[in-house]
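Residue numbers (this note's numbering), protein chains in the order written: chain A, 1391 to 1723; chain B, 1391 to 1723.
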DNA sequence: GTGAAAGCGCTAACAG
DNA sequence: CTGTTAGCGCTTTCAC
């Protein structure tokens, strides 16, 4: 491996001079500069970023911790896509650490990124208790931003989406269409999004519906199964609200497979506004979750672009499409 | 920031002793070990990974360069999900660099990862000429694995999928259903997958179909538009083959919107076996691309688990579902 | 302007 | 077993 010293020798100057021309520090004489560049080209020198970052005490990496339960759905895709996009936009690089499926593993993942001296780290966690997160935030030399869950402390390290309000928005729409008996398909717990959305459902739905709950795990398949359970249950309903679009889509397939029409017989709505929802039949009514905004906000906070407190309580907007219709006159179930 | 020296002082030992207990080198006396652990706890010491990696000359990061054109579809999602999964499986971390949309930017991204001293880097590029890639492979001290395109050199740094053969498999099936007039919806160029698949289409389709080509950019929307163009064109056809599932799904929506039934009037097939294909109506016939295998192979090659030459010429398997049917007796168009 | 020398925080001989 | 001493490759005073 060719180091800065090799370049220096090759150019007949000192290490510091090479460093200077590379960093445009102090004015180096033009002729020497040329010599150095020539030597760099000849030797094929590539500065070692580990060494550089150790010396300068700063890096250009932004860490992202993510529980692998959100993996591999449109939500994950959007999250990562936007994280990478905004990082690059600010000349940083995204580095990943898998939070897997326990508090210990999440904490480990954060620890890795902190010890890598990332410029900042974004945490999309599920299991770690808030007290623990708070401790990490306070002990870490770089900003650690907690995404998608509301902390009672450290508001400037916290960007969350108001999923309760989001749930209300969708429920309001469902109610406005005359639905009173609305079933709920939940995502995998623990999850702040799921909890809040479910609460919004519970608080707004007819009290008879308490039993109209089926548990999924965010995947289409689980939505499919959950819907079957609901259909086979005793309680009648005219609409299904699923905690995300994937499950809503799975549910629609289940309804169709059982000969039920959407939305004529049963209406279905979801959350997150996955792209496919527009192309599905029927196209999916959903809440557009402001993931992009959330990530942008986090990245800008880390790179120090937005001096003020990060945006909080983002809600998202309702996307009305075909999967929700007026309540049918006769309950089919 | 608390360093190893602080811990050493706190425990009343030398730096090397601390290092030893941390790395389980040489047997350190139990009582001293305890002292050190106590000091670590007291000081809240967190080892600096940059320093450690600089000193040991090895890192636990695996780099991934990816052109941002594949971003944000199911293909991207699967790629990143699996990359992260296999990295973690081998106790490594995934680090990202965006290849954006030009050869220069791709090379830059690779360079960053190389200079970060990643254990290895995986390159999913589109624009960089092979000669350039070859040069990078040879000059880099760590394995640089080129994914999804066939290099004429460096076979052990190259894992590709035989998209031509994959294309043939789908075409064979379409032909076996009696289709002769098959339209093609292509992805964004340049792309090795697209080129090879399109070639397979061209080599197997009826010569009359040369004009039955529409250009997309891999997105559902572009598939939708491409299908409209095809429908509005003069040439008749009974099937559409799209270079990926997203475009196939967009195309199906376009056909439906124009009152055409799939597959009764027009059959549609895609590539990649996106999860949603199973839930769509009609469910999508597609080729399951072995992305997971490709990534697994790359990661194992990097961590030195598979001593032999990496797998090459993976093809994938046909997933037969409902979007392709027998050719209709009367061409609808 | 440029070079020498002292770090950044850690590991790895080498003595003892 | 443990401490001392050099590095790893780069930046950054501080003199000249």
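We put the CB at the ideal spot given by N, CA and C, even for glycine.
Note that the coordinates shown come from a computational prediction; the quantities given were computed from them, not determined experimentally.
Check                                                                                                                                    : Outcome
Any chain B beta carbon closer than 8 Å to residue 1665 of chain A                                                                       : yes
For residue 1537 of chain B, the residue or residues it bridges with in DSSP                                                             : B/1549
Residue 1443 of chain B: contacting residues in chain A (beta-carbon distance under 8 Å)                                                 : 1440
Residue-level contact to chain B via CB, residue 1474 of chain A, 8 Å cutoff                                                             : yes
Neighbourhood of residue 1658 of chain A by C-beta, 6 Å cutoff - its chain only, sequence neighbours within 5 removed                    : 1630, 1638, 1641, 1642, 1652 and 1713
Chain A within 8 Å of residue 1692 of chain B, Cβ atoms only                                                                             : no
Where the alpha helix (DSSP H) containing residue 1492 of chain A begins and where it ends                                               : Neither: residue 1492 of chain A is in no alpha helix (DSSP H) and is coded neither H nor E.
Check whether residue 1686 of chain B and residue 1704 of chain B have beta carbons under 8 Å apart                                      : no
C-alpha distance - residue 1493 of chain B paired with residue 1523 of chain B, whole-angstrom precision                                 : 10 Å
Selection of the stretch 1639-1669 of chain B by Cβ proximity to chain A, strictly under 8 Å                                             : 1639, 1640, 1642, 1643, 1646, 1665, 1666, 1668 and 1669
Helix, strand or coil at residue 1579 of chain B according to DSSP, with G and I counted as helix                                        : coil
Unbroken alpha helix (DSSP H) run spanning residue 1471 of chain A, endpoints                                                            : 1464-1479
Buried/exposed call for residue 1543 of chain A, threshold 16 Cβ in 10 Å                                                                 : exposed
Helix, strand or coil at residue 1570 of chain A [DSSP, three-state]                                                                     : coil
Residue 1425 of chain A beta carbon less than 8 Å from that of residue 1792 of chain A                                                   : With chain A covering only 1391 through 1723, there is no way to say anything about residue 1792 of chain A.
Short-range partners of chain B found in the stretch 1499-1520 of chain A, where Cβ spacing is below 8 Å                                 : 1501, 1502, 1504, 1505, 1506 and 1507
Expected contact under 8 Å - CB spacing of residue 1411 of chain A and residue 1423 of chain A to nearest Å                              : 5 Å
Selection from B/1632, B/1487 and B/1533 that minimises the alpha carbon distance to residue 1614 of chain B                             : B/1632
Where the alpha helix (DSSP H) containing residue 1433 of chain B begins and where it ends                                               : 1420-1433
Residues of its chain near residue 1576 of chain A, where Cβ-Cβ distance is below 7 Å and the 5 sequence neighbours each way are ignored : 1584, 1588, 1603, 1605, 1606 and 1633
Cβ-based contacts, 8 Å cut-off: residues of the stretch 1517-1548 of chain B near chain A                                                : 1529 and 1531
Range of the contiguous beta strand (DSSP E) that encloses residue 1632 of chain A                                                       : 1629-1632
Residue 1527 of chain A versus residue 1534 of chain A - alpha carbon distance                                                           : 6 Å
Closest by C-alpha distance to residue 1650 of chain B, when choosing among B/1680, B/1662 and B/1617                                    : B/1617
Contact between the stretch 1493-1511 of chain A and the stretch 1446-1460 of chain A (3+ Cβ pairs under 8 Å)                            : yes
6 Å Cβ shell around residue 1443 of chain B - same chain, five flanking residues per side excluded                                       : 1449
From B/1420, B/1480, B/1475 and B/1435, residue whose alpha carbon lies closest to that of residue 1694 of chain B                       : B/1480
Residues near residue 1710 of chain B in its chain [Cβ-Cβ closer than 8 Å; skip 5 each side]                                             : 1563 and 1675
Closer than 8 Å at the beta carbon, the chain B residues around residue 1484 of chain A                                                  : 1485 and 1486
Contact belief for residue 1557 of chain B with residue 1586 of chain B at Cβ below 8 Å, rounded distance in angstroms                   : 6 Å
Buried or exposed by the 16-neighbour rule on C-beta atoms within 10 Å, applied to residue 1547 of chain B                               : buried
Pairwise C-alpha distance: residue 1570 of chain A and residue 1596 of chain A                                                           : 6 Å
Identity of the residues DSSP links to residue 1486 of chain B by a beta bridge                                                          : B/1454
Short Cβ contact (8 Å threshold) for residue 1496 of chain A with residue 1473 of chain A                                                : no
Buried/exposed call for residue 1406 of chain B, threshold 16 Cβ in 10 Å                                                                 : exposed
is_contact[residue 1437 of chain A, chain B] using C-beta, thresh 8 Å                                                                    : yes
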